[in-house]
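Asker:
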Amino acid sequence: MKIRTKLSLTFISLLIFGVTAVSSYAIMFIRNYLLQEGQQTIQEQARWLALTIQEFPRDGQFMTRLNTLEEVSGYEITVYDGDGVVVYGEGGALLDDRDALLTDSLQMQVYMGDAALINERSNEGLYVFHSLMSPDLELGFLRVAQLKETIYEPITTIRWIIYSGMFISIAIILLVSTVFARYMSRPILRLKDGAQRIADGHTEHINLDDQSEEYAELARSINHMADQLRKDNERLAIIYEKQSQFFADITHEIRNPLHTINASMELLQVGGLDPEKQQKYIQNARTQAERIGALFKDLLTLQRYDSDQNFIQSQWFDLQRITTRLAALYEEEAQAKNLQIRIQQTSCRVLADAGKIEQVLDNLISNAIKYTASGEIGLRYEQQGKKVRIAVYDTGIGISEEHMPRLFDRFYRTDKARSRDKGGTGLGLSVVKSILDAHGAAIHVESKPGTGTSFWFELTTN
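So the sequence shown is numbered by our numbering: it starts at 360 and just counts up by one.
1) Identify whether Ile756 lies in helix, strand or coil by the three-state DSSP scheme.
2) Apply the 10 Å Cβ neighbour rule to Gly811 and answer buried if 16 or more other Cβ atoms are within range, or exposed otherwise.
3) Report the CB separation of Val487 from Gln402 in whole angstroms; it is logged as a contact under 8 Å.
4) For the alpha helix (DSSP H) containing Arg769, list its first residue and its last residue.
5) Rank Thr683, Val378 and Ala687 by C-alpha distance to the C-alpha of Ile521 and give the top, closest one.
6) Reducing DSSP to helix, strand and coil, say where Lys696 ends up.
7) Mind checking Val629: buried by the 16 CB within 10 Å criterion, or exposed?
8) For Lys746, write down the residues that DSSP places opposite it in a beta bridge.
9) Which residue's Cα is closest to the Cα of Gln742: Gln674, Asp721, Thr820 and Arg769?
10) Is there a Cβ of chain C sitting closer than 8 Å to that of Ile517, yes or no?
11) How far does the beta strand (DSSP E) with Arg708 in it extend, from its first residue to its last?
12) Less than 8 Å between the CB atoms is what I'm expecting for Val790 and Leu661, so what's the real figure, rounded?
13) Measure the alpha-carbon distance for Ala776 versus Phe770 and round it to whole angstroms.
14) Relative to the C-alpha of Leu658, which residue among Trp675, Gln672 and Thr610 is closest?
15) Ends of the alpha helix (DSSP H) at Val790?
16) Suppose you measure from the CA of Leu688 to the CA of Glu717; what does that come to, to the nearest Å?
17) Going along the chain, which residues of its own chain have a beta-carbon closer than 8 Å to the beta-carbon of Asp455, five neighbours each way excluded?
18) For Arg645, which option in Ala409, Asn669 and Thr619 has the closest C-alpha, if you only look at C-alpha atoms?
19) Any contact between the region 390 to 398 and the region 409 to 423? By contact I mean 3 or more CB pairs, one from each, below 8 Å.
20) Is the number of C-beta pairs between the region 625 to 644 and the region 674 to 683 that are closer than 8 Å three or more?
21) Do you know offhand how far Ile681's Cα is from Ala713's?
22) Which of the three DSSP states is assigned to Tyr511 in this structure?
23) Pro546: buried (16+ other C-beta within 10 angstroms of its C-beta) or exposed?
24) Verify whether the separation of the beta carbon atoms of Val751 and Leu720 is less than 8 Å.
25) So does the region 499 to 512 actually touch the region 526 to 533, counting three or more Cβ pairs closer than 8 Å?
26) Would you report the Cα separation of Thr509 and Glu396, rounded to the nearest angstrom?
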């Protein structure tokens, strides 16, 4: 059942119940009021009738006067003599009537000259007894009776008016409740439609004009959810694109070395090659195998960074231990390219994962040597308060500004052909950034094409 229908039925049921309850109470109240007024009136009339009848002369016109009095008063009048015999009216013997209706207290009330009212639920009328005092003691009691139906006659008209008003009110209520339910459900339906559109992938904002603060707050919450969903979708799209590119790059990076290895093996199987060519093909196969090994090493590092909470194990160590080893490792390679290499080798204690930091510096120095044709490369560090700034610099080809935003993306190369010729995996800088991110350290780049590049980061020192 739709919410609009539920609201309409709820409003209609509540209002009809309310109108019916009020109408029933009003009729009951009026009924009791009329009965009370009728009781008071008939008692007063009984006193007046008793006084009037007592003044009537006992002549031949006595019965005529009683008959006229009954017609004028509108009550049923019965007159008894002192022996309980009916003098006028149809009331039966006083013994049958009075003793059956009057209790001892009410009989005493009558004898004392007051009006005694009888109103039993089982009786169809009201009865009032009053004593008649006359000099000749011929008259004894007066009974005045009135049917309750005559008292309740106005209720029929009132009930018709109330019921007519109630049905008119119900009709108006039906119309008003339908309009009100439509008005109340409109923002809910708009919110529902908006939420459905969001579920379908559309993230437009929901606009509710001239609505209550509660609806506006709900709309703002849904709009905030739509904004977050849109951002998540955009982020997922970027991740999906990068993931697709990542797998394509892995396939390419593995396929090319494997193709070279396979070709070298086929040529070696032919036989009849001179030793120099054999050595060349063997070296090609070894180089490509090392390239695949380096690729899987970098992939393993990135996979551990993504999934292993214990990716780094920080402890205090002397940075000099690493820089001395790196200086010895790359000195011969730098000299082969006529490069001047300057690696600082002073003592400096830092808090980090020594193996991971050595991998970072190894990648940065290796890249510096690869992309520097002449000039100088170096590694230096200096303490700045509780931090030590470590920088690897070169005077190589530099990096264009357009490549900076994606420089640390996996498999991103500024010059893909030249990078592969130099044996790179395309993951070196991604590994550097992942390791430093795990340390809570940011990697910074300063570079200008043709003048060189500087990578630097900071670690905690004592």
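Cβ atoms here follow ideal geometry from the backbone N, Cα and C, with glycine treated the same way.
Answerer: In brief:
1) Note: Ile756 maps to coil in three-state DSSP.
2) By the 10 Å Cβ count, Gly811 comes out buried.
3) Right, the Cβ-Cβ distance comes to about 6 Å (below 8 Å), so this counts as a contact.
4) It is not in any alpha helix (DSSP H) - Arg769 carries neither H nor E in the DSSP assignment.
5) The option with the nearest alpha carbon to Ile521 is Val378.
6) In the structure shown, Lys696 adopts coil according to DSSP, grouped into three states.
7) So Val629 ends up on the exposed side.
8) The partner list for Lys746 (beta bridge, DSSP) reads Gln743 and Thr819.
9) Comparing Cα-Cα distances from Gln742 to each of Gln674, Asp721, Thr820 and Arg769, the minimum goes to Thr820.
10) Annotation note: the requested chain C is absent from the structure, which comprises a single protein chain.
11) Here the beta strand (DSSP E) through Arg708 covers Arg708 to Ala711.
12) At roughly 6 Å, the Cβ-Cβ gap stays under 8 Å, so Val790 and Leu661 are in contact.
13) Residue placement at Ala776 is poorly supported in this model, since its pLDDT is 45, which falls under 50; the coordinates still yield a value, given next. Rounded to whole angstroms, Ala776 to Phe770 spans 12 Å at the Cα level.
14) The closest CA to that of Leu658, considering only Trp675, Gln672 and Thr610, is found on Thr610.
15) Run containing Val790: Gly787 to Ala797, per the alpha helix (DSSP H) assignment.
16) Within the model, the alpha-carbon separation for Leu688 versus Glu717 is close to 12 Å.
17) Because Asp455 sits at a pLDDT of 45, beneath the cut-off of 50, its placement in the model cannot be relied upon, and the point is left open.
18) Checking every option, the nearest Cα to that of Arg645 belongs to Thr619.
19) Here the region 390 to 398 makes no contact with the region 409 to 423; the two share fewer than three CB pairs at distances below 8 Å.
20) The region 625 to 644 is not in contact with the region 674 to 683.
21) C-alpha separation (whole angstroms): 8 Å.
22) Shown here, Tyr511 sits in coil according to DSSP, grouped into three states, outside any helix or strand.
23) Classification for Pro546: buried.
24) Yes, the Cβ-Cβ distance between Val751 and Leu720 is below 8 Å.
25) Short answer: they don't touch.
26) The straight-line gap from Cα to Cα measures roughly 12 Å.
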